[in-house]
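For the sequence shown, the positions run 1199 to 1371 when our numbering is used. The C-beta atom is built at its ideal place from N, Cα and C for all residues, glycine as well. See below for the structure under consideration.
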Amino acid sequence: MCARVGNSKKRIDVVVNGENEKLEFDEGESLMAALRRAGYYSVKNGCSEGVCGACNVLYGENQIVRSCLVPAERYEGEELTTAEGLVSEDGELHPLQEEFLNYGAAQCGFCIPGMILSGVQLLEKNDDPTESEIRSALKGNICRCTGYIQQFEAIQAAADQMRSEGETEARSD
Ligand code: FES
Ligand code: FES
């Protein structure tokens, strides 16, 4: 249950990146604002209008939400993943993060967390996407640096890397 914590502030209990978290927010405030207030700065405010995908957050069963568009209140009890949560406990980057660096796809970096989460969502459903499937998965992510080609290549490379790691693990079982 969403709790009222004084004046206009409210609070929800959620799980963010595997950790229990209490998110505080003002009445009617977005999930994006609540996450950023709690220190999840990978959730970027690109447009506040649901257009750019910079504020993407994964939730539930591999779903993505543009967190600037939804009231925080609606996410009580949800499991949320932000780009911070893709890094392992020992600091190892997710293959997608690694390949974005390898391919010089990070550019200024602003839109990248949202784009990487779109890539994670895609690779969960499809471990060997074609270029057109990658383009389609990223069509809601707007990059003002405009270098989309490296980003498509990075996702393809991460898919290859993840498949070959999966095959190696399967062989050693
Ligand atoms: S900030 Fe949410 S879609 Fe642009
Ligand atoms: S990398 Fe700069 S906005 Fe996309």
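Distance from the C-beta of residue 1243 to the nearest heavy atom of ligand 1 is below 7 Å. For residue 1207, the pairing in a beta bridge is given by DSSP as 1224.
Judged by beta-carbon spacing, residue 1221 lies beyond the 8 Å limit of residue 1213, meaning their Cβ atoms are not closer than that value. Straight-line measurement puts the Cα of residue 1282 at about 24 Å from the Cα of residue 1224. Contact between residue 1274 and residue 1210 holds, since their C-beta atoms are separated by about 4 Å, short of 8 Å. Taking 8 Å as the upper bound for CB-CB distance, residue 1252 and residue 1298 are not in contact here, some 15 Å apart. With a threshold of 16 other beta carbon atoms within 10 Å, residue 1301 meets it and is buried. Rounded to the nearest angstrom, the gap between the Cα atoms of residue 1349 and residue 1233 is 25 Å. The beta carbon of residue 1292 lies closer than 6 Å to those of 1284 in the same chain, with the five residues before and after it left out. In this structure, residue 1264 has its beta carbon less than 7 Å from a heavy atom of ligand 1. For residue 1258 against residue 1277, the beta-carbon gap comes to about 7 Å, under 8 Å, which counts as contact. Taking all protein chains shown into account, residue 1238 has 16 or more neighbouring C-beta atoms within 10 Å of its C-beta and is therefore buried.
Its Cα nearest to that of residue 1358, the residue 1329 stands out among 1336, 1346, 1329 and 1335.
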